[in-house]
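Residue numbers (my numbering), protein chains in the order written: chain A, 334 to 687; chain B, 334 to 687.
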DNA sequence: CGAAAGTATGAAACCGTTTACATACACAGC
DNA sequence: GCTGTGTATGTAAACGGTTTCATACTTTCG
């Protein structure tokens, strides 16, 4: 509760001097300084953050806005952001699970004056107004943006080429009736992955429009239901590409419940490479994206943008999405997925920085 | 960049009126109000958060401090905090991965004046000073505290009884040579779980000191190494209790790599019930704790504490830890763990709120 | 010895809000 | 025509810091 004034009074100096001591700005008499420090610690004086950022216009805080905080992917992103922010001495102000543009606007408003920059995940049309308004005061970095915004940096995954590689792999294994379980409509990642799926089929001389496409929503339950639908289909597809791993998990469960063997009866490929993918039965072939790295990249771009101020251009960055072959696609001949990766005596692998 | 003064000037009113319009405080002439609103939107005026919290002394932000942001457990906790905060219109200021007391203190200092309350995870001796200092200004809620702090609410899991139930279950299945893989030294959860382990053995007439205890650190790799050590032991334990699921995952991998079957050769029980536990091969018997619920509870206690101000007592809350029997312990006779839970046509279960 | 340069500190303006208090006006009741 | 009551708005003082500029006191040096 002690303010800078209290410290000044007790120490017998002016508030300017106290401020100088705490920001070791200009040279202060060492004797005075130690006296001030002494009094400050006695009074348990801690500078008030709000007041500081009001005058300095710096908050040492990064705003983070997510559409939802659901599933492992998002928490990995946050972990990446958090880790990198800490390295740069920034804290993060989190606001998530906004379902519509109005909410996003309110959240953005609440952040204003409290952040030095904003990292926004998967902005869509509804949140574009917020982005524009925030952008006029602090730098904004977009994660997997649906639409690029003039003057904003962005980081995204190579969803398209990742999905294409996955489906090409299935085609290469001899499959020519491949089903797709899509992500939620309107989701960029989902759409890009669907586009990659179609392109791979087309490139292989197959008709994308003839393929079975089941709408999903990135959740496990959607995968389960899709599995039921796929099993009912005649002729039955010989392979399925799920637009994310969560749905692949549900799909595997549905197939198992029906007594089908994977990959013998049906091959399955997912997307994301979540932590449990390697532990599934069978280990899931999927496309690996480094969610944590995405967050880190975003922070690094942000640091650059803050340094450059309004003069900096807007960097667009693409992070790789790499096909990771395990057993659910039927390509791997031996090993257990987990062991393959863990082998070498070094113990289990961890997905770490970069 | 427009301030309240700009709006006032253009609209031809005083700043007080503008402020009143935005806080729809006392009655303002509707005509004046709409004019102010009009000007404000034209000027893209957004109130400055830092300035607001300086005068009102409310930030609508909760501080969250974690020792590390690693593994699914923590991200679940954050999700719970985030979700509940949003419901109460609070944002969260996150600061994590502090390795020593000094860092915690700095982080706490940076938060001061920016938060209305602090939720601190797993505080130890090193961070106690920070807690004490913060506590003098805003309410503090402790998560799984190593030491209770006078005047702080806290939420924790019933680690002790959960672990005891797990080990009792193994004993009930006929095991009398049970090994323990511990968590990191100094971690409360780890120690409580170890205590539950010993108690269960003692209650069953077995000597806790005779049991094989392997020090771990909650990471997968520690579980793997522990597995190797356990297999080398003669006579070989017939069951293992891992202090968390991550280590159980590593353990299972080590056992599989050595060609041992679980639970036929060795029974395994974990703790936490992370998402992948039900998907492991075999599905992992473990003790379920609701990490997300922990976060939510913390926020609810915080809301109460903020309302009560300094007058409120300090609530201590315990959340249940429930044994969840799957197949790795050898008790379940049929089903696949996943299917058992997912059965009923309702699709896969999700761990949701409460 | 006096001017110039350097060091240590204080006074006061400012950051962008909220809010207690004062003021101004309109209208009712006597 | 006063006084009393509402309503609508303005003035100015906080809130807790940072920072520019001014001031006072030492040194240094020609």
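Every residue, glycine too, gets a C-beta built ideally from N, C-alpha and C.
- Against chain B, the CB of residue 424 of chain A has a partner CB under 8 angstroms away; the residue lies at that interface.
- Put simply, the backbone Cα of residue 497 of chain A is about 5 angstroms away from that of residue 530 of chain A.
- With three or more CB-CB distances shorter than 8 angstroms, the region 621 to 640 of chain B counts as touching the region 410 to 426 of chain B.
- DSSP, reduced to helix, strand and coil, places residue 485 of chain B outside both helices and strands of the structure shown, so it counts as coil.
- With respect to the 8 angstroms criterion, residue 627 of chain B and residue 474 of chain B are not classified as neighbours on the basis of their beta carbons.
- If only complete runs of 4 or more residues are kept, the region 438 to 497 of chain B shows the alpha helix (DSSP H) at 461 to 468, in order along the chain.
- Sequence-distant partners of residue 373 of chain A (beyond 5 residues in either direction) whose C-beta falls short of 7 angstroms from its own C-beta, in its chain, are 340.
- Between residue 549 of chain B and residue 514 of chain B, the gap from beta carbon to beta carbon is short of 8 angstroms.
- Interface criterion met: the Cβ of residue 427 of chain A is under 8 angstroms from a Cβ in chain B.
- Residues of the same chain with a CB within less than 6 angstroms of the CB of residue 393 of chain B, apart from the 5 flanking positions on each side, are 423 in chain order.
- Contact with chain B is found for residue 382 of chain A, since one of that chain's Cβ atoms lies less than 8 angstroms from the residue's Cβ.
- Interface flag for residue 371 of chain B against chain A is unset, since no Cβ pair is found closer than 8 angstroms.
- If you check each beta-carbon in the region 577 to 590 of chain A against every beta-carbon of chain B, the ones closer than 8 angstroms belong to 582, 583, 586, 589, 590.
- Residue 415 of chain A has a beta carbon lying within less than 8 angstroms of a beta carbon in chain B.
- By the Cβ test, the region 644 to 658 of chain B is not in contact with the region 439 to 450 of chain B, since fewer than three Cβ pairs between them sit closer than 8 angstroms.
- The bridge partners DSSP lists for residue 394 of chain B are B/424.
- Under the 8 angstroms criterion on CB atoms, residue 391 of chain B is classed as non-interfacial with respect to chain A.
- At a cut-off of 8 angstroms between beta-carbon atoms, residue 627 of chain A makes no contact with chain B.
- Per DSSP, reduced to three states, the secondary structure at residue 339 of chain B is helical.
- Residue contact check for residue 526 of chain A against chain B: no CB pair falls below 8 angstroms.
- In the pairwise beta carbon analysis, the region 449 to 459 of chain B is classified as not touching the region 580 to 592 of chain B: fewer than three pairs are separated by under 8 angstroms.
- For residue 531 of chain A, no CB of chain B lies under 8 angstroms from its own CB, so it is not counted at the interface with that chain.
- In the displayed model, residue 585 of chain A falls within a helix according to three-state DSSP.
- Under DSSP, residue 511 of chain B takes part in a beta bridge, and its partners are B/572.
- Taking C-beta atoms under 8 angstroms as the contact rule, residue 469 of chain A and residue 377 of chain B qualify, at a distance of about 7 angstroms.
- Under the 10 Å beta carbon count, residue 570 of chain B is surrounded by 16 or more other beta carbons and is classified as buried.
- DSSP lists A/572 as the beta-bridge partner residues of residue 600 of chain A.
- If you look at residue 652 of chain B, you'll find it in the beta strand (DSSP E) that goes 649 to 652.
- Straight across, the Cα-Cα distance linking residue 365 of chain B with residue 384 of chain B is about 24 angstroms.
- Among the residues of the region 597 to 623 of chain A, those with a Cβ less than 7 angstroms away from any Cβ of chain B are 608, 609, 612, 613, 614, in the order of the chain.
- In the assembly as shown, residue 660 of chain A is a buried residue. Its beta-carbon has 16 or more other beta-carbons within 10 Å.
- Per DSSP, residue 564 of chain A is one residue of the alpha helix (DSSP H) stretching across 553 to 565.
- Going by DSSP, residue 621 of chain A is part of no alpha helix (DSSP H) but of the beta strand (DSSP E) stretching over 619 to 621.
- In terms of Cβ geometry, residue 427 of chain B and residue 467 of chain B do not form a close pair [threshold 8 angstroms].
- The beta carbon of residue 343 of chain B lies closer than 7 angstroms to those of 372, 376 in the same chain, with the five residues before and after it left out.
- Going by DSSP, residue 388 of chain B is part of the alpha helix (DSSP H) stretching over 382 to 389.
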